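Single-structure report; data block below.
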Amino acid sequence: MLRKILELDVGSMIDSEFREVLDLATSDIKTNRVDFGKRTRLSEVVEIARICFRVQQRGKVANQRKAG
625 MLRKILELDV
635 GSMIDSEFRE
645 VLDLATSDIK
655 TNRVDFGKRT
665 RLSEVVEIAR
675 ICFRVQQRGK
685 VANQRKAG
């Protein structure tokens, strides 16, 4: 379900990209919410995952520039 919601906004993702986005989002939520006793609504999870996807894409571009 989360993948479909994200893909509506950011476009299609390959499985490895989606797993990485989930790992980034999970780490962010654990660090910034769970540790402080906050709950996270689905809309917040989607927004955090969307931000993580953008960060992931920027990292890919930066790595390609370094390599190329």
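Residue numbers for the sequence shown follow our numbering, so the first one is 625 and each next one is one higher.
Virtual Cβ for every residue (Gly too), placed ideally from N, Cα, C.
All figures in this text were calculated on a predicted structure; none of them were measured in a lab.
Asked                                                                                                                                                           : Found
Within its chain, find whatever has a CB closer than 8 angstroms to the CB of ILE653; leave out the 5 residues flanking it on each side and keep chain order.   : THR664, VAL669, ILE672
Among ALA649, GLU644, ALA686, VAL679, whose alpha-carbon lies nearest the alpha-carbon of LEU666?                                                               : ALA649
Residues in the same chain with beta-carbon distance under 6 angstroms from CYS676, minus the five sequence neighbours each way, listed in chain order, please. : VAL645, LEU648, ALA649
Less than 8 angstroms between the CB atoms is what I'm expecting for GLN680 and GLU641, so what's the real figure, rounded?                                     : 7 angstroms
Measuring only the C-alpha atoms, how far is VAL685 from THR655?                                                                                                : 26 angstroms
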